[in-house]
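Colleague: In order, the protein sequence lines correspond to chains Z and G.
Going by the numbering used here, the letters in the first sequence line up with residues 120 to 558, in that order.
Going by the numbering used here, the letters in the second sequence line up with residues 115 to 369, in that order.
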Amino acid sequence: MPPDGLGEFLRGIAAEDEVAETLLVSTCNRVELYVVPTQGGISNHTLATLFAIHRGVSPQLVEHHASFRAGVSALHHLLRVTSSLDSMVVGEPQILGQVKEALTAARHAGTIGPVLGQLVQHAFRVAKCVRNETEIAANRVSIGSIAVELARRIFDDLSTCNILLVGAGKMGETMARGLAEGRPRKVYVCNRSPERAFKLAQRHGWRPRQFDELQELLVQADVVLTCTGSAEPILTKERMRQVIKTRKYKPIFIVDIAVPRDVAPEVGRLDTVYLYNVDDLQQVARDNMAERVREAEAAEAIVARELSAVEAWYRQLEVKPTITAIRHRARELARGELDRTLGKRLRHLSEDDRRALETMLMATVNKLLHPTMMALKNASEQDGGDAPLVATAQLLFGVDGHPPVEVAPDPAPVSVMEPDDVREDNLSAGIARKRESAK
Amino acid sequence: MVVAAVACFVATLLQLRWTFASGAALLRASIGLLTLAGGSLAAAAVVAFSGTSDLLPSSQIMLVVAAGAALVFLSTRLWRDVPISPLVVASLVGVTALAVFLKGFDSRLPGGEMSALTAVHVSAVMLGFVAFIPAYVLSIVFLSQENRLKSKRLGGGGSPKLPSLMALERRAWQLLYTGFPLYTLGIALGLGWRPGLSEPFSVRPQHVLAALSWSIYSVAIYRRWRSGWRGRRAALTLMAAFVTTVGAVLMYMMR
Chain Z
120 MPPDGLGEFL RGIAAEDEVA ETLLVSTCNR VELYVVPTQG GISNHTLATL
170 FAIHRGVSPQ LVEHHASFRA GVSALHHLLR VTSSLDSMVV GEPQILGQVK
220 EALTAARHAG TIGPVLGQLV QHAFRVAKCV RNETEIAANR VSIGSIAVEL
270 ARRIFDDLST CNILLVGAGK MGETMARGLA EGRPRKVYVC NRSPERAFKL
320 AQRHGWRPRQ FDELQELLVQ ADVVLTCTGS AEPILTKERM RQVIKTRKYK
370 PIFIVDIAVP RDVAPEVGRL DTVYLYNVDD LQQVARDNMA ERVREAEAAE
420 AIVARELSAV EAWYRQLEVK PTITAIRHRA RELARGELDR TLGKRLRHLS
470 EDDRRALETM LMATVNKLLH PTMMALKNAS EQDGGDAPLV ATAQLLFGVD
520 GHPPVEVAPD PAPVSVMEPD DVREDNLSAG IARKRESAK
Chain G
115 MVVAAVACFV ATLLQLRWTF ASGAALLRAS IGLLTLAGGS LAAAAVVAFS
165 GTSDLLPSSQ IMLVVAAGAA LVFLSTRLWR DVPISPLVVA SLVGVTALAV
215 FLKGFDSRLP GGEMSALTAV HVSAVMLGFV AFIPAYVLSI VFLSQENRLK
265 SKRLGGGGSP KLPSLMALER RAWQLLYTGF PLYTLGIALG LGWRPGLSEP
315 FSVRPQHVLA ALSWSIYSVA IYRRWRSGWR GRRAALTLMA AFVTTVGAVL
365 MYMMR
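1. Over what stretch of residues does the beta strand (DSSP E) that includes residue 427 of chain Z continue unbroken?
2. Can you pull out the residues from the region 239-265 of chain G whose beta carbon lies closer than 9 Å to at least one beta carbon of chain Z?
3. Check the DSSP bridge columns for residue 250 of chain Z and list the partner residues they point to.
4. Beta carbon of residue 495 of chain Z, beta carbon of residue 508 of chain Z: below 8 Å?
5. With 8 Å set as the bound, which would you pick, yes or no: does the beta-carbon of residue 281 of chain G sit closer than that to a beta-carbon of chain Z?
6. Could you tell me whether the Cβ of residue 223 of chain G comes closer than 8 Å to any Cβ of chain Z?
7. Identify whether residue 485 of chain Z lies in helix, strand or coil by the three-state DSSP scheme.
8. Determine the burial state of residue 323 of chain Z: buried for a count of at least 16 other Cβ atoms within 10 Å of its Cβ, exposed for fewer.
9. Where are the alpha helix (DSSP H) runs, 4 residues long or more, that stay fully inside the region 327-400 of chain Z, in chain order?
10. Does the region 162-173 of chain Z come close enough to the region 246-257 of chain Z to have 3 or more Cβ pairs within less than 8 Å?
11. For the ligand ADP, I want to know if residue 418 of chain Z counts as a neighbour, meaning its beta carbon is within less than 7 Å of at least one of the ligand's heavy atoms.
12. Just curious, the alpha helix (DSSP H) that residue 265 of chain Z is in, first and last residue?
13. What residue range does the alpha helix (DSSP H) around residue 163 of chain Z cover?
14. Assign residue 156 of chain Z to one of three DSSP states: helix, strand, or coil.
15. Looking only at its chain, what residues have a beta carbon closer than 6 Å to the beta carbon of residue 167 of chain G, apart from the 5 residues adjacent to it on each side?
16. Residue 273 of chain Z and residue 370 of chain Z look like a contact to me (Cβ under 8 Å); what is the Cβ gap, rounded to whole Å?
17. Residues bridged to residue 142 of chain Z by DSSP?
18. Assign residue 335 of chain G to one of three DSSP states: helix, strand, or coil.
19. Going along chain Z in order, which residues have a C-beta closer than 9 Å to the C-beta of residue 343 of chain G?
20. Work out the CA separation of residue 430 of chain Z and residue 191 of chain Z for me, nearest whole Å.
21. Give the residues from the region 434-464 of chain Z that approach chain G closer than 8 Å (Cβ to any Cβ), ordered along the chain.
22. For residue 528 of chain Z, collect the residues of the same chain with a Cβ closer than 7 Å to its Cβ; drop the 5 residues on either side in sequence, then sort them by chain order.
23. Please check the pair residue 338 of chain Z and residue 365 of chain Z, which I expect to be a contact at CB under 8 Å, by giving their CB distance rounded to whole angstroms.
24. Count Cβ pairs between the region 293-300 of chain Z and the region 352-361 of chain Z that sit closer than 8 Å; are there 3 or more?
25. Please confirm if residue 318 of chain G has its CB atom under 8 Å from at least one CB of chain Z.
26. Secondary structure at residue 522 of chain Z, three-state DSSP: helix, strand or coil?
27. Can you list the residues of chain Z that residue 350 of chain G reaches, using a CB-CB cut of under 9 Å?
28. Leaving out five residues on either side along the sequence, give the residues of the same chain with a beta carbon under 8 Å from the beta carbon of residue 262 of chain Z.
29. Taking buried to mean at least 16 other C-beta atoms within 10 Å of its own C-beta, is residue 125 of chain G buried or exposed?
30. Excluding the 5 residues flanking residue 206 of chain Z on each side, which residues of the same chain have their C-beta closer than 7 Å to its C-beta?
31. Using DSSP's beta-bridge definition, name the partner residues of residue 305 of chain Z.
32. Establish whether the CB of residue 330 of chain Z and some CB of chain G are separated by less than 8 Å.
33. From which residue to which residue does the alpha helix (DSSP H) around residue 516 of chain Z run?
34. Could you name the residues of chain G that residue 321 of chain Z contacts, counting a contact when the two beta carbons are closer than 7 Å?
35. Take residue 303 of chain G and list the residues in its own chain whose beta-carbon comes closer than 7 Å to its own, dropping the five residues that flank it on each side.
36. Under a three-way DSSP split, which group does residue 257 of chain Z fall into?
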């Protein structure tokens with residue numbers, strides 16, 4: 120979803136009769152449309168069609184690749200996505216920023232309302248809990264960031280280090296860029312072909328050097344990345360032994376990305392030399408990933424725990440209008456009767472007496488209403504709510520602002536449509552009822 | 115005690131070898147020797163407390179401490195294996211056993227009165243020793259971190275976030291530079307103090323250990339100054355010097 124067309128897309132979706140609020144989360148591997156439908160609800164088919172029309176693609180294509188979630192399932196999904204449990208790389212931090220961007224875009228487009236706004240805030244809180252209470256994001260999983268982490272375990276501060284890139288390969292460049300983010304003192308590039316070294320250095324503001332200066336550069340460099348196409352190792356044990364002495368045993372971290380290797384394996388056994396190749400880095404990444412997956416189990420438990428709280432808040436939305444209406448009506452009646460009485464038979468009462476009488480009357484009203492209010496609140500906390508009780512309360516108290524609850528076929532209060540996922544169409548009647556309160 | 119001291123000495127050598135060339139057989143052998151040492155020390159402690167030994171009370175306490183340390187280490191190792199810990203325990207238990215053994219033959223109390231010179235001598239040595247303790251701990255942490263980096267066992271969590279190798283090393287050497295002049299002053303004052311006493315000067319085991327530890331520290335500092343020496347070998351040298359210092363200090367204390 121191109122960012123410049125996002126606002127227009129959201130406004131287009133929100134302008135439809137079926138949609139009360141909407142939000143779009145778009146990342147490199149997911150496009151998720153969150154929708155709070157209006158009273159009439161919205162079917163999966165309509166949702167897919169709206170998405171296709173406003174995106175300018177075929178509705179069949181969208182419907183074929185999309186999956187739908189509703190109600191609690193959609194809430195659960197939102198919490199998992201924001202907590203990075205649904206990401207390709209579990210625990211990656213970018214998704215939180217991407218959901219924040221989505222919320223900002225929806226706010227700017229004016230398509231966010233009290234329901235989605237609150238739900239996304241809940242999701243942020245849950246994501247924060249997951250990050251604070253688990254180690255899900257503690258270990259790096261990309262090779263570049265692992266190299267940076269290793270360098271930090273050896274050197275105090277990368278800003279005091281010199282980096283040497285031997286070879287002008289793509290992977291070496293990528294890794295050097297990652298290390299260069301630590302603002303090293305100097306980044307040298309040397310290559311057998313000086314032109315390539317020069318071009319690469321020019322592209323990133325690094326310093327090109329001749330390949331025959333390698334020995335001198337090894338003495339200056341603290342982190343060495345090698346990625347030449349040499350058939351024989353260019354850094355041998357004898358060569359490095361000399362380098363170590365010349366650099367006064369200062370540690371040197373070597374990352375050998377080349378295949379075949381540029382650095383002889385014996386070099387790694389030298390004191391103050393820390394030699395890693397791509398396989399070593401990948402092994403560290405795999406171990407860290409396995410740790411993240413283990414931590415994800417704890418994170419899922421946190422999400423499940425927090426889901427109950429979000430769900431409780433969400434269910435309260437269902438009865439809140441009825442509770443407010445009943446309380447408002449009762450107080451209105453009481454106040455009307457009080458004003459009539461005070462205006463006629465009790466005109467002689469002082470201001471203090473009037474206030475005392477009013478307080479007494481309102482307290483009585485509240486006490487009378489208390490069991491009903493509690494029953495409605497408790498009903499909202501039950502799974503699926505208690506629609507007959509809400510309807511009965513509305514009938515008994517003459518609150519007709521809200522229509523009786525009815526069971527709709529499949530629309531949902533909060534729907535998420537995402538591609539390439541499992542289709543979930545089994546929408547419950549309870550979910551349909553929430554749609555009305557969400558409105 | 116002789117068995118324990120020798121076993122620990124060999125275990126320390128095996129552990130040093132293991133630090134440079136990891137091997138399960140080396141580790142198993144050193145743990146076996148440490149078990150033998152722990153058992154020997156425990157047996158020696160039982161004998162000492164049964165009243166059939168003429169060990170000094172302070173020696174008896176040191177014996178129990180050494181045996182306890184070895185046995186606690188061996189039992190904790192059953193559920194958690196910390197890479198550098200066998201080296202640390204073997205060297206410290208070994209030097210304690212050696213000190214207790216040597217002190218068994220030297221129960222004479224020092225002659226002379228506690229002069230001002232003596233007070234400065236003792237204070238300087240102890241202050242130097244106090245500076246060496248954190249340097250030793252930092253060297254252990256350094257070796258632990260270095261071991262993880264060399265063996266590439268960094269992934270999967272569980273590895274604590276330690277300061278960088280360079281930071282650990284720098285702080286250890288700073289402490290060494292602080293403690294060494296004090297230690298040197300203490301030893302020099304000790305040399306000047308001894309001949310002044312009524313009894314004739316004789317070389318005792320604690321003198322040898324103190325001189326040895328001072329020599330190791332001197333060589334390490336000289337190499338550092340000459341060629342910027344650092345890394346695993348330097349850390350192990352500092353640890354060796356400290357263990358020797360512990361032996362000397364223990365022998366002075368067991369009076």
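Note that the Cβ used here is the ideal one computed from N, Cα and C, for glycine as well.
Modeller: The answer reads as follows:
1. To locate residue 427 of chain Z, count along the first sequence from 1; it is residue 308. Careful: residue 427 of chain Z lies outside any beta strand (DSSP E), inside the alpha helix (DSSP H) at 397-462.
2. 259, 260, 262, 263 and 264
3. Here the question's residue 250 of chain Z lines up with position 131 in the first sequence. Residue 250 of chain Z is not bridged to any residue.
4. Reading the first sequence from its first residue, position 376 is the one you call residue 495 of chain Z. Reading the first sequence from its first residue, position 389 is the one you call residue 508 of chain Z. For residue 495 of chain Z and residue 508 of chain Z, yes; Cβs fall inside 8 Å.
5. Within the second sequence, residue 281 of chain G is the residue found at index 167, counting from 1. Output row for residue 281 of chain G: interface = yes.
6. If you number the second sequence from 1, residue 223 of chain G lands on position 109. Confidence is the limiting factor: at residue 223 of chain G the pLDDT is only 48, short of 50, which leaves the residue's position unreliable and the question unanswerable from this model.
7. Reading the first sequence from its first residue, position 366 is the one you call residue 485 of chain Z. Correct three-state label for residue 485 of chain Z: helix.
8. Position 204 of the first sequence holds residue 323 of chain Z. The residue in question, residue 323 of chain Z, is exposed, as its Cβ has fewer than 16 Cβ neighbours within 10 Å.
9. 333-339 and 356-365
10. no
11. Among the components modelled here there is no ligand, and therefore nothing to report on the ligand ADP.
12. If you number the first sequence from 1, residue 265 of chain Z lands on position 146. Element bounds for residue 265 of chain Z: 262-273.
13. Reading the first sequence from its first residue, position 44 is the one you call residue 163 of chain Z. From DSSP, the alpha helix (DSSP H) with residue 163 of chain Z extends over 163-174.
14. Walking along the first sequence from the start, residue 156 of chain Z turns up at place 37. Here residue 156 of chain Z sits in strand by DSSP.
15. If you number the second sequence from 1, residue 167 of chain G lands on position 53. Once the five neighbours on either side are set aside, the close Cβ partners of residue 167 of chain G are 161.
16. In the first sequence, counting from the first residue as 1, residue 273 of chain Z sits at position 154. In the first sequence, counting from the first residue as 1, residue 370 of chain Z sits at position 251. With a Cβ gap of about 5 Å, residue 273 of chain Z and residue 370 of chain Z count as contacting.
17. As a working note, residue 142 of chain Z is residue 23 in the first sequence. DSSP lists Z/153 as partners of residue 142 of chain Z.
18. One-based indexing of the second sequence puts residue 335 of chain G at position 221. Correct three-state label for residue 335 of chain G: helix.
19. Here residue 343 of chain G refers to the residue found at position 229 when the second sequence is read from its first residue. Within 9 Å Cβ-Cβ: 367 and 368.
20. Within the first sequence, numbered from 1, the residue matching residue 191 of chain Z stands at position 72. Within the first sequence, numbered from 1, the residue matching residue 430 of chain Z stands at position 311. Cα-Cα distance, rounded: 7 Å.
21. none
22. As a working note, residue 528 of chain Z is residue 409 in the first sequence. In this predicted model, residue 528 of chain Z has a pLDDT of only 38, less than 50, meaning its place in the structure is not dependable enough to derive any value.
23. Position 219 of the first sequence, counted from the start, is the residue given in the question as residue 338 of chain Z. Position 246 of the first sequence, counted from the start, is the residue given in the question as residue 365 of chain Z. So it is a contact: roughly 5 Å between Cβ atoms.
24. no
25. Here the question's residue 318 of chain G lines up with position 204 in the second sequence. Not one chain Z Cβ lies under 8 Å of residue 318 of chain G.
26. Position 403 of the first sequence holds residue 522 of chain Z. With a pLDDT of 42 at residue 522 of chain Z, under the threshold of 50, the modelled position of this residue cannot be trusted; read the value that follows with caution. Residue state, collapsed to three classes: coil.
27. Counted from its first residue, the second sequence places residue 350 of chain G at position 236. Ordered by position in chain Z, no residue passes the 9 Å Cβ test against residue 350 of chain G, which lies about 10 Å from the chain.
28. To locate residue 262 of chain Z, count along the first sequence from 1; it is residue 143. Once the five neighbours on either side are set aside, the close Cβ partners of residue 262 of chain Z are 294, 397, 400, 401 and 404.
29. For this step, residue 125 of chain G is matched to residue 11 along the second sequence. The residue in question, residue 125 of chain G, is buried, as its Cβ has 16 or more Cβ neighbours within 10 Å.
30. Along the first sequence, read from residue 1 onward, the residue named residue 206 of chain Z stands at position 87. Excluding residues within five positions, the ones whose Cβ falls inside 7 Å are 214.
31. Along the first sequence, one-based indexing puts residue 305 of chain Z at 186. Answer by DSSP bridge pairing, in chain order: Z/281.
32. Taking the first sequence and counting its residues from 1, one reaches residue 330 of chain Z at position 211. For residue 330 of chain Z, the answer is no, since every Cβ of chain G falls outside 8 Å of its Cβ.
33. Counting from 1 along the first sequence, the entry for residue 516 of chain Z is found at position 397. No alpha helix (DSSP H) contains residue 516 of chain Z, which DSSP labels as neither H nor E.
34. Here residue 321 of chain Z corresponds to residue number 202 of the first sequence, with the count starting at 1. Under the 7 Å cutoff, chain G gives no residues; its nearest Cβ is about 32 Å from residue 321 of chain Z.
35. Counting from one through the second sequence, the residue named residue 303 of chain G turns up at place 189. Closer than 7 Å at Cβ, skipping near neighbours: 231, 234, 235 and 238.
36. Here the question's residue 257 of chain Z lines up with position 138 in the first sequence. Note: residue 257 of chain Z maps to coil in three-state DSSP.
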